[in-house]
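Protein chains in written order, with the numbering used here: chain A, 49 to 302; chain B, 33 to 267; chain C, 4 to 228. The structure appears right after this line, and notes come after that.
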Amino acid sequence: MLKTSDQPVTITTIKHANAKVMSPSTAIRARGLGKEIDDWRILLNLNFEIPRGAYVAILGANGAGKSTLLKILATLLPASTGQLELFGMPVRNNTIRLRSNIGLIGHNSMLYRDLSARENLIFFARLYDHAAPVQRVDELLQYVGLHHRADDPVKTLSRGMLQRIAIARALVHDPDLLLADEPFTGLDAPSCKLLQELLSHQHAAGKTIMLVNHDIRQSLELAERIIVLRKGKIIIDEPSVNLEAESILEGIST
Amino acid sequence: MNRKCLVYGFWSVTLALFVASVAMLFLYTPIEKTMGPVQKIFYLHLPIAINTFLACFVVFIASIGYLWQRKMWWDDLAFAAGKVAVLYCSVVLLTGMIWGKSAWGSWWTWSPRLTFSLVLWLLFVVYLMIRPSIDSPQRRAMISAVYGIVAFIDVPFVYLSVKLLPDIHPASIALAPAMKLTVLVWFLPITLLALGLLRAGYLLNRQIRTESQRNQNMVFESAPPASPTPMEELA
Amino acid sequence: MNRTLRQIGLLIQKDLRIEARGRQTIGLVIVLGILIIVVLGMGLGAGRPVSGFGATSILWVTYLFGGVLCFEKTMAVERFDDALAGLLIAPIDRGVIYASKLITNLLLIIGLALVVTPVAMTLFRFDLSEHPLAFFIVMSLGVTGFTAVGTLFSAAVSSTRLQGGLLAMLVFPLSLPVVIMSTQLMRKVFEEGVPLTSTDVATLCAFDMIFLIVSWLVFELVLEP
Numbered sequence: 049m050l051k052t053s054d055q056p057v058t059i060t061t062i063k064h065a066n067a068k069v070m071s072p073s074t075a076i077r078a079r080g081l082g083k084e085i086d087d088w089r090i091l092l093n094l095n096f097e098i099p100r101g102a103y104v105a106i107l108g109a110n111g112a113g114k115s116t117l118l119k120i121l122a123t124l125l126p127a128s129t130g131q132l133e134l135f136g137m138p139v140r141n142n143t144i145r146l147r148s149n150i151g152l153i154g155h156n157s158m159l160y161r162d163l164s165a166r167e168n169l170i171f172f173a174r175l176y177d178h179a180a181p182v183q184r185v186d187e188l189l190q191y192v193g194l195h196h197r198a199d200d201p202v203k204t205l206s207r208g209m210l211q212r213i214a215i216a217r218a219l220v221h222d223p224d225l226l227l228a229d230e231p232f233t234g235l236d237a238p239s240c241k242l243l244q245e246l247l248s249h250q251h252a253a254g255k256t257i258m259l260v261n262h263d264i265r266q267s268l269e270l271a272e273r274i275i276v277l278r279k280g281k282i283i284i285d286e287p288s289v290n291l292e293a294e295s296i297l298e299g300i301s302t
Numbered sequence: 033m034n035r036k037c038l039v040y041g042f043w044s045v046t047l048a049l050f051v052a053s054v055a056m057l058f059l060y061t062p063i064e065k066t067m068g069p070v071q072k073i074f075y076l077h078l079p080i081a082i083n084t085f086l087a088c089f090v091v092f093i094a095s096i097g098y099l100w101q102r103k104m105w106w107d108d109l110a111f112a113a114g115k116v117a118v119l120y121c122s123v124v125l126l127t128g129m130i131w132g133k134s135a136w137g138s139w140w141t142w143s144p145r146l147t148f149s150l151v152l153w154l155l156f157v158v159y160l161m162i163r164p165s166i167d168s169p170q171r172r173a174m175i176s177a178v179y180g181i182v183a184f185i186d187v188p189f190v191y192l193s194v195k196l197l198p199d200i201h202p203a204s205i206a207l208a209p210a211m212k213l214t215v216l217v218w219f220l221p222i223t224l225l226a227l228g229l230l231r232a233g234y235l236l237n238r239q240i241r242t243e244s245q246r247n248q249n250m251v252f253e254s255a256p257p258a259s260p261t262p263m264e265e266l267a
Numbered sequence: 004m005n006r007t008l009r010q011i012g013l014l015i016q017k018d019l020r021i022e023a024r025g026r027q028t029i030g031l032v033i034v035l036g037i038l039i040i041v042v043l044g045m046g047l048g049a050g051r052p053v054s055g056f057g058a059t060s061i062l063w064v065t066y067l068f069g070g071v072l073c074f075e076k077t078m079a080v081e082r083f084d085d086a087l088a089g090l091l092i093a094p095i096d097r098g099v100i101y102a103s104k105l106i107t108n109l110l111l112i113i114g115l116a117l118v119v120t121p122v123a124m125t126l127f128r129f130d131l132s133e134h135p136l137a138f139f140i141v142m143s144l145g146v147t148g149f150t151a152v153g154t155l156f157s158a159a160v161s162s163t164r165l166q167g168g169l170l171a172m173l174v175f176p177l178s179l180p181v182v183i184m185s186t187q188l189m190r191k192v193f194e195e196g197v198p199l200t201s202t203d204v205a206t207l208c209a210f211d212m213i214f215l216i217v218s219w220l221v222f223e224l225v226l227e228p
């Protein structure tokens with residue numbers, strides 16, 4: 049049983065619409081992926097394949113290209129070179145279609161502070177053409193345990209609560225791919241624990257999760273597989289059981 | 033070494049042409065009847081005005097180039113062209129005002145042509161002024177490029193809008209053949225000067241850019257300096 | 004098509020709801036507009052009737068300053084807490100975001116104009132009754148072009164930290180042709196009694212169309228996170 053500072057939360061079951069059109073067994077396939085921004089090479093010739101339902105952590109020093117990689121995976125930035133396929137579809141021609149199957153959690157909440165949690169979530173549910181936005185949002189607010197604060201403006205909520213609503217926002221369209229960009233930054237221990245549980249729960253429900261993180265031990269604990277970037281190149285790509293925190297730290301810093 | 037010779041050669045030719053044009057202006061070209069000697073300013077005014085448009089056009093093309101390829105040298109080129117445009121436009125504005133003083137007796141009238149030069153000058157002065165207030169080089173290049181494109185598209189509308197102003201300007205001045213020849217000769221040094229300034233400004237911008245990038249101590253590896261830019265090949 | 008319109012509607016509804024919550028923008032620009040009119044009124048000699056030419060100039064000053072504030076505010080809503088990223092990863096076209104911001108800005112400026120124009124008319128004893136239609140057409144076309152440019156640059160500027168005054172610096176010179184055009188047309192209509200020709204209206208329309216199209220094309224690049 050988890051406890052947060054304000055309210056006990058049970059992770060209840062949540063319905064998953066499994067009848068998605070996109071069903072290949074590979075969630076992400078990157079071939080020779082590279083990114084140049086102006087005169088700088090941020091990412092160099094990345095090759096990796098992420099199967100559906102995997103939980104992968106991306107580690108690296110500041111400026112190693114983690115966030116840029118995540119933005120490319122989220123279809124927010126185009127890659128300069130190479131090919132990227134999500135769910136067997138090349139990103140270049142299917143951007144809008146693929147976006148409806150991607151959820152993003154950042155270190156910012158991406159919510160409108162003057163609107164309430166419910167208004168925010170209903171807005172995004174409508175934006176994703178959800179058939180029954182009101183029920184879906186009710187369900188999600190129960191899921192993240194914030195039903196009692198649903199009608200307060202988001203700006204009155206604590207950082208931990210904000211991040212829970214941010215997760216609900218990312219799940220509003222029930223995406224198969226969840227991208228998280230340092231979601232634990234600035235959270236207190238209980239909120240952090242709850243967020244971990246929510247991510248693990250989503251993983252158990254069959255979602256593919258890509259987590260950019262800077263806490264090595266936490267990542268080893270959470271993820272099944274670790275990708276380490278250094279100066280825009282992949283230097284480690286292994287199942288987390290084969291790795292130790294010290295060796296990763298060494299790889300990052302040398 | 034060879035390149036240096038070329039540069040010196042270029043500037044010597046430009047200077048020589050300037051001297052020749054000035055000599056021609058005072059020794060050969062006849063004095064216009066109604067305006068008197070002040071009319072001679074016209075031979076400077078027209079070629080500079082046309083070169084101003086060309087410089088604005090370079091800003092436009094370089095801005096499109098930057099948005100298309102996202103290479104910083106396009107931004108450096110656009111910035112250099114912007115400086116030339118503002119410099120030349122200032123001269124156009126000043127010579128226009130001198131003309132106006134002698135023709136209509138006041139330094140400023142809201143005549144279509146003067147207003148047009150003033151608005152054009154404002155458009156491109158702002159282009160130069162906004163740049164230092166944007167910190168990130170990427171954002172600066174991007175905002176400047178969008179501005180450069182919109183500003184150039186603005187020019188025909190500025191022209192159409194000032195045509196609505198009441199006009200006291202003579203539509204056109206009949207030129208004697210000798211006068212026409214002088215105008216043509218004046219085009220040469222002025223265009224060469226614009227090119228020289230553009231190239232010098234561009235190289236200066238490139239140099240500042242590489243220095244600031246080196247100082248940034250970036251974690252990323254720099255892209256190979258391979259891509260020799262068209263301007264450098266020319267140089 | 005239907006879907007696009009629905010999305011635009013959804014985004015506008017969201018913006019207006021945020022605006023209704025705080026009423027920070029519309030109240031601010033209306034008060035600013037009235038302040039500008041009072042300051043100009045003192046300078047130009049209050050009580051004397053002003054021609055249509057003067058009227059449009061004075062109104063343009065309020066629209067320009069109020070408009071730039073509107074553009075800044077409506078985009079600031081998106082920049083706070085990275086809300087814009089939430090829109091960018093949603094399956095909607097970038098043009099939808101531009102269109103919705105443009106319409107929200109237009110609605111705000113119309114709100115401003117509806118209050119400020121009658122106030123100015125009363126304070127200055129404007130007489131627009133001779134050619135109200137010409138006044139309406141020219142001003143609304145002018146404001147549309149100004150808003151098209153302003154909306155584009157609001158997206159470009161608000162992601163840089165130093166934005167105080169920068170947006171005004173970018174938008175004012177680019178809007179000059181439309182300002183000159185509308186004030187000159189008003190001078191012709193009200194002082195010389197020359198009726199508005201279809202060429203004049205077409206030029207203003209062309210300005211609006213070209214800037215709408217260019218902004219729509221470039222907006223995607225400007226929005227990059």
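Virtual Cβ for every residue (Gly too), placed ideally from N, Cα, C.
{"query": "C/E133, buried or exposed, once every other Cβ within 10 Å from all chains shown has been counted against 16", "result": "exposed"}
{"query": "Distance between A/D199 and C/N108 (C-alpha atoms, nearest Å)", "result": "27 Å"}
{"query": "C/P180 at chain A interface by Cβ criterion, 8 Å", "result": "no"}
{"query": "Partner residues on chain A for C/V80, Cβ-Cβ distance less than 9 Å", "result": "Y160, R161, D162"}
{"query": "Same chain, Cβ closer than 7 Å to A/S115, five either side skipped, listed in chain order", "result": "D229, V260"}
{"query": "Contact set between B/R163 and chain A, taken where Cβ atoms lie within less than 9 Å", "result": "The premise fails here: B/R163 is roughly 16 Å from chain A at the closest Cβ pair, so nothing lies under 9 Å."}
{"query": "The segment 266-278 of chain A / the segment 96-104 of chain A touching (three or more Cβ pairs under 8 Å)", "result": "yes"}
{"query": "Closer than 7 Å at the beta carbon, the chain C residues around A/A179", "result": "None at all; the shortest Cβ gap to chain C is about 14 Å."}
{"query": "Inter-residue CB distance, A/I257 and A/L247 (contact presumed, cutoff 8 Å)", "result": "6 Å"}
{"query": "Chain A contact for B/R102 (CB, 8 Å cutoff)", "result": "yes"}
{"query": "Closest residue to C/I213 among B/R238, B/L152, B/I222, B/P188 (Cα-Cα distance)", "result": "B/P188"}
{"query": "Option in A/D186, A/D285, A/R161 with minimal Cα separation from C/E81", "result": "A/R161"}
{"query": "Residue range of the alpha helix (DSSP H) that includes C/M142", "result": "135-160"}
{"query": "Buried versus exposed call for B/N83 [16 or more other C-beta atoms within 10 Å across all chains shown]", "result": "buried"}
{"query": "6 Å CB neighbourhood of A/L189 in its chain, flanking five on each side removed", "result": "H195, A198"}
{"query": "According to DSSP, residues forming a beta bridge with A/V260", "result": "A/I106, A/D229"}
{"query": "The segment 76-91 of chain B / the segment 237-245 of chain B touching (three or more Cβ pairs under 8 Å)", "result": "no"}
{"query": "Three-way DSSP call (helix, strand, coil) for A/A112 in this model", "result": "coil"}
{"query": "Environment of B/C37 [buried if 16+ CB atoms lie within 10 Å]", "result": "exposed"}
{"query": "Identity of the residues DSSP links to A/M137 by a beta bridge", "result": "A/L134"}
{"query": "Host alpha helix (DSSP H) of A/D186 (start-end)", "result": "181-191"}
{"query": "For A/I153 and A/G234, the rounded distance between their alpha carbons", "result": "14 Å"}
{"query": "Closest residue to A/R89 among A/S295, A/E286, A/R278 (Cα-Cα distance)", "result": "A/R278"}
{"query": "C/G168 and C/G70 closer than 8 Å at C-beta", "result": "no"}
{"query": "Beta-carbon gap between A/G130 and A/G193 smaller than 8 Å", "result": "no"}
{"query": "Nearest neighbour of B/A113, chosen from B/L126, B/G233, B/H77 [CA to CA]", "result": "B/G233"}
{"query": "Partners in chain C for A/L91, counting only beta-carbon separations shorter than 7 Å", "result": "Simply none; closest approach about 16 Å."}
{"query": "Reference C/W63, options C/Q27, C/I11, C/A116, closest by Cα", "result": "C/A116"}
{"query": "Environment of A/V202 [buried if 16+ CB atoms lie within 10 Å]", "result": "buried"}
{"query": "C/I95 at chain B interface by Cβ criterion, 8 Å", "result": "no"}
{"query": "Residues near C/L173 by beta carbon distance below 6 Å, same chain, minus five either side", "result": "F156"}
{"query": "First through last residue of the alpha helix (DSSP H) which encompasses C/T125", "result": "97-127"}
{"query": "Any chain B beta carbon closer than 8 Å to A/S301", "result": "no"}
{"query": "Same chain, Cβ closer than 6 Å to B/S254, five either side skipped, listed in chain order", "result": "Residue placement at B/S254 is flagged as unreliable, the pLDDT there being 42, under the threshold of 50; a coordinate-derived value is accordingly withheld."}
{"query": "DSSP-derived helix/strand/coil call for A/A253", "result": "coil"}
{"query": "Contacts that A/S148 makes with chain C (C-beta to C-beta distance below 9 Å)", "result": "A93, P94"}
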